[in-house]
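Student: Going by numbering that gives the first Met the number 0, 493 is the number at position 494 of the sequence shown; the sequence numbering is gapless. C-beta: ideal position from N, C-alpha, C; glycine also.
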Amino acid sequence: MRKPIAVLLCLPLVLGVIAAPAVLAADDPLAFDPSLESATLHVTVDGTPIEVLAYEAIPYVAKPIEMKLEPGLFGPPPTNPLAYQSLSIYIPEDSMDSQTAPIYVVTGNAGWFSTANSPLLNDGAVFDGAEAGEMGGGASNVGAALARGFIVVNLGTRGRGLTSTDGVFVGKAPAVAVDVKAAVRWLRYNDAVLPGDAERIIADGTSGGGGLVTILGASGNSPDYYPYLEEIGAAGVENGVSTIRDDIFALTGYCPITDLGNADMAYEWLYASTRKAGAYTTSGGNPFAPAGANKTWDEMSDAAKSASESLAAAYPEYLAGLGLTLEDGSALTADTMESTIIRWLEKGLDTALATGVLVDSAVWADRGVTIADGKAVIADFEAYKAYVASQTALKDSPAFDNPDGEQSLFGAPTEIASAFSLAGFGESDAWAAAQSGGVSDQLRLINPLEYIGTEVDAAPYWYVRHGGRDRDTSFNISISLYYKLMSDASVQDVNYALVYDTPHMGDYDVPEAFAWIDGILAASD
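1. Can you tell me whether DSSP reads Gly204 as helix, strand or coil?
2. Helix, strand or coil for Arg464, going by three-state DSSP, please let me know.
3. Do Ala457 and Asp428 have their CB atoms nearer than 8 Å?
4. Check whether the segment 97-108 and the segment 153-172 touch, using three or more Cβ-Cβ pairs below 8 Å as the test.
5. Using three-state DSSP, classify Phe513 as helix, strand or coil.
6. State yes or no: is the C-beta of Ala202 within less than 8 Å of the C-beta of Ile247?
7. Measure the Cβ-Cβ separation of Trp515 and Tyr462 and say whether it is below 8 Å.
8. For Tyr495, write down the residues that DSSP places opposite it in a beta bridge.
9. Can you give the Cα-Cα distance for Ile519 and Tyr279, rounded to whole angstroms?
10. In the DSSP assignment, find the unbroken beta strand (DSSP E) run with Ala86 in it and report its ends.
11. Quick check on the burial criterion: 16 or more other C-beta atoms within 10 angstroms. Buried or exposed for Ser329?
12. Give the straight-line distance between the Cα atoms of Lys346 and Pro397, rounded to the nearest whole angstrom.
13. Are any of the Cβ atoms in chain B nearer than 8 Å to that of Gln390?
14. Once you ignore the five residues that flank Ala375 on each side, which residues in its own chain have a CB closer than 6 Å to its CB?
15. Alpha carbon to alpha carbon, what distance is there between Val125 and Val438?
16. Along the beta strand (DSSP E) that carries Ile370, what are the first and last residues, could you check?
17. How about Gly277 and Trp296: are their beta carbons less than 8 Å apart?
18. Just to check my reading of the structure: Tyr314 and Ala302 have Cβ atoms closer than 8 Å, yes? What is that Cβ distance to the nearest angstrom?
19. Which residue comes first and which comes last in the beta strand (DSSP E) that contains Glu55?
20. State the CB to CB distance for the pair Leu442 and Phe419, rounded to an integer number of angstroms; the pair is presumed to be in contact (CB under 8 Å).
21. Name the two residues that bound the continuous beta strand (DSSP E) containing Asn238.
22. Does the beta-carbon of Ile200 have 16 or more other beta-carbons within 10 angstroms, so that it is buried, or is it exposed?
23. Within 7 Å: the Cβ of Ser407 and any heavy atom of the ligand COA?
24. Grab me the residues of Val490's own chain with a C-beta within less than 7 Å of its C-beta, minus the 5 sequence neighbours each way, in chain order.
25. I need the DSSP call for Arg159, collapsed to helix, strand or coil.
26. How is Lys275 classed by DSSP in three states: helix, strand or coil?
27. Using three-state DSSP, classify Thr43 as helix, strand or coil.
28. Since I believe Tyr89 is in contact with Ala53 (beta carbons under 8 Å), could you give me their beta-carbon distance rounded to a whole number of angstroms?
29. Which residues in the same chain as Ile231 place their Cβ atom closer than 6 Å to its Cβ, once the five residues preceding and following it in sequence are excluded?
30. Would you say Asp258 and Asp400 are within 8 Å of each other, going by their C-beta atoms?
31. Can you give the Cα-Cα distance for Ala144 and Ala522, rounded to whole angstroms?
32. Drop a sphere of 10 angstroms on the beta-carbon of Asp190, count the other beta-carbons inside from all chains shown, and report buried for 16 or more, exposed for fewer.
33. Can you grab the Cα-Cα spacing for the pair Ile415 / Leu193, in whole Å?
34. Please report the Cβ distance between Gly467 and Val498, rounded to the nearest whole angstrom; I am assuming they are in contact, meaning their Cβ atoms lie under 8 Å.
35. For Gly166, which three-state DSSP category applies?
36. Indicate the three-state DSSP secondary structure (helix, strand or coil) for Phe380 in the structure shown.
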């Protein structure tokens, strides 16, 4: 059911104030104006034509930052210097007058890079398989959302590598998390005049975007972000007081790159033995991992070998400090993590067997997996990890805290990049200086594990997927996220899987994901 709008702008957020003034001033830069220029698009989903009203390039903050028009990671430079703090709205014809339609928010941010908002739909777009396509068969999450009458919102956000016209690196953490929160606030602020229900926001993201939606879902309404939100003119934050919420209803997060301050430890704990064994080749036709891309242990530099060993050795203490428990009440520690990973991988294999996905037992035997009577057993985990490494080369050590990794997400806005963990600094005065200089806050403000189970308002519904041969981050990172969520009494459902033989990608299981979305929406009515 749609929650009522409360107009109580004088009260602080902790008292439950929710959202927007019923009447928006004409000169309010945050007010949505229905008379804005729009376009009617004609799309087809599984053979059914749908008219979609499109509003493009709407700033969602009152003080958007003007950016340099530079080529992005995945395309040409944007033409709008404000495109990184704007959104586009797509309203299916059947939902033009709906105040109950869910709002499906699409994020970008692969690799935690910035994303310029650009048109998500073109007139004449055709989506096949959105309702009944097979996993990995080209089904479209956007098509599935439009077919259901969801309002679709495409976001631009700041991220690493982005510079303003005055040469400042404005995409440093936590800028991207602040921007997506500001967009949620804008949707709530305009809830009364926009179609759709801002109490039913579902955010979707992959890779860095998967990490982004997890921090959005974990940190709802945290005052930690108020100064950053106020700085960019986000709705409902003034003088350290918030009158609008930024929590969300649900998220679908694929292969989330998250817990960056500890991801190197988790990675080496899992893969250091694979590096040392050297019993893998890079094959499978992956264009990003040509033959020979994996370095054997002897080929690694002394510094990389030292980092791998010291990081792997440090992980057990970190994991124990999380205080996570398994289904049977036992502790999730370094002693039980490997068997837990294996169990989740076996569940993914069993699901593939049960649903008729081709599983060649002879092929999988070489990968350490025994298949009999419709069940899979990972009998040799080292062989399984060697298979993962053979499909896409392992990242060098350290995997994340290096100049080619996520370092450009951290540091002062005047510097290109900064090391952000012991992996990058080692035990040194430089590490202590970076901590006191704000790197630790940057890490905390994009890490969902710092917020789940605290006094903030976590999203009640989570759908998290990690591919069974995705080595972009370690399996233990998403598993820790799952068990952390399971410890939060306010979280109502966590649908988690390590998916059979799937690489680093997202939105590959659209029918399954949207069946889950249908279920949680029905349960909340």
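Tutor: Short version:
1. If you number the sequence shown from 1, residue 204 lands on position 205. Correct three-state label for Gly204: strand.
2. Sequence index remark: in the sequence shown, residue 464 carries index 465 (1-based). Residue state, collapsed to three classes: strand.
3. Residue 457 sits at position 458 when you count from the first residue of the sequence shown. Residue 428 sits at position 429 when you count from the first residue of the sequence shown. Result no, Cβ atoms of Ala457 and Asp428 do not sit closer than 8 Å.
4. Judged by Cβ distances under 8 Å, the segment 97-108 makes contact with the segment 153-172, as three or more pairs qualify.
5. Counted from its first residue, the sequence shown places residue 513 at position 514. Under the three-state reduction of DSSP output, Phe513 falls in the helix class.
6. In the sequence shown, residue 202 corresponds to position 203, counting from 1. In the sequence shown, residue 247 corresponds to position 248, counting from 1. With respect to the 8 Å criterion, Ala202 and Ile247 are classified as neighbours on the basis of their beta carbons.
7. Residue numbering aside, residue 515 sits at position 516 when the sequence shown is read from its first letter. Residue numbering aside, residue 462 sits at position 463 when the sequence shown is read from its first letter. Judged by their CB atoms, Trp515 and Tyr462 are nearer to each other than the 8 Å cut-off.
8. The residue given as residue 495 occupies position 496 in the sequence shown. Under DSSP, Tyr495 takes part in a beta bridge, and its partners are Val463.
9. Sequence index remark: in the sequence shown, residue 519 carries index 520 (1-based). Sequence index remark: in the sequence shown, residue 279 carries index 280 (1-based). Straight through space, the alpha carbons of Tyr279 and Ile519 are spaced by roughly 42 Å.
10. Looking up residue 86 in the sequence shown gives position 87. Residue 86 is actually Leu in this sequence, not Ala. 85-91 is the span of the beta strand (DSSP E), which, as asked, contains Leu86.
11. Walking along the sequence shown from the start, residue 329 turns up at place 330. Only exposed fits Ser329, as fewer than 16 other CB atoms lie within 10 angstroms of its CB.
12. Indexing the sequence shown from 1 puts residue 346 at position 347. Indexing the sequence shown from 1 puts residue 397 at position 398. Their backbone Cα atoms lie some 30 Å apart in a straight line.
13. The chain labelled as chain B is not found in the depicted structure, where only one protein chain is given.
14. Walking along the sequence shown from the start, residue 375 turns up at place 376. Cβ neighbours of Ala375 within its own chain (closer than 6 Å, five residues either side excluded): Glu345, Leu348, Asp349, Val368.
15. Within the sequence shown, the letter at position 439 stands for residue 438. Within the sequence shown, the letter at position 126 stands for residue 125. Using only the alpha carbons, I get a separation of about 45 Å.
16. Counted from its first residue, the sequence shown places residue 370 at position 371. Here the beta strand (DSSP E) through Ile370 covers 368-371.
17. Walking along the sequence shown from the start, residue 277 turns up at place 278. Walking along the sequence shown from the start, residue 296 turns up at place 297. Closer than 8 Å, so yes.
18. Within the sequence shown, numbered from 1, the residue matching residue 314 stands at position 315. Within the sequence shown, numbered from 1, the residue matching residue 302 stands at position 303. Tyr314 to Ala302, Cβ: 19 Å. No contact.
19. Counting from 1 along the sequence shown, the entry for residue 55 is found at position 56. Element bounds for Glu55: 47-58.
20. Counting from 1 along the sequence shown, the entry for residue 442 is found at position 443. Counting from 1 along the sequence shown, the entry for residue 419 is found at position 420. About 6 Å separates the two Cβ atoms, so the contact holds.
21. In the sequence shown, the residue the question calls residue 238 occupies position 239. Counting along the chain, Asn238 falls outside any beta strand (DSSP E), and DSSP gives it neither H nor E.
22. Taking the sequence shown and counting its residues from 1, the one referred to as residue 200 is at position 201. The residue in question, Ile200, is buried, as its Cβ has 16 or more Cβ neighbours within 10 Å.
23. Here there are no bound small molecules, and the ligand COA is not part of this structure.
24. Mapped onto the sequence shown, residue 490 falls at position 491. Scanning its chain for C-beta atoms nearer than 7 Å, with the 5 sequence neighbours on each side dropped, one finds around Val490 the residues Ala457, Pro459, Trp461, Leu484, in chain order.
25. Working through the sequence shown from its first residue, we reach residue 159 at position 160. Strand at Arg159.
26. Within the sequence shown, residue 275 is the residue found at index 276, counting from 1. Secondary structure of Lys275 (DSSP, three-state): helix.
27. As a working mapping, residue 43 is identified with position 44 in the sequence shown. It is a strand residue.
28. As a first step, residue 53 must be located in the sequence shown, where it is residue number 54. As a first step, residue 89 must be located in the sequence shown, where it is residue number 90. Contact between Ala53 and Tyr89 holds: their C-beta atoms lie close to 5 Å from each other, under 8 Å.
29. Residue mapping note: residue 231 aligns to position 232 of the sequence shown, counting from 1. Excluding sequence neighbours, Ile231 sits near Val60, Lys62.
30. Mapped onto the sequence shown, residue 258 falls at position 259. Mapped onto the sequence shown, residue 400 falls at position 401. Note that the C-beta distance between Asp258 and Asp400 is not below 8 Å.
31. Residue numbering aside, residue 144 sits at position 145 when the sequence shown is read from its first letter. Residue numbering aside, residue 522 sits at position 523 when the sequence shown is read from its first letter. Computed Cα separation, rounded: 18 Å.
32. Within the sequence shown, residue 190 is the residue found at index 191, counting from 1. Classified as buried, Asp190 has 16 or more neighbouring CB atoms from the shown chains inside 10 Å of its CB.
33. On the sequence shown, residue 415 is found 416 positions in, with the first residue counted as 1. On the sequence shown, residue 193 is found 194 positions in, with the first residue counted as 1. Looking at the two C-alpha atoms, the distance is approximately 39 Å.
34. Counted from its first residue, the sequence shown places residue 467 at position 468. Counted from its first residue, the sequence shown places residue 498 at position 499. That belief holds up - the Cβ atoms of Gly467 and Val498 are roughly 6 Å apart, short of 8 Å.
35. Indexing the sequence shown from 1 puts residue 166 at position 167. Three-state DSSP puts Gly166 in coil, outside helix and strand.
36. For this step, residue 380 is matched to residue 381 along the sequence shown. Note: Phe380 maps to helix in three-state DSSP.
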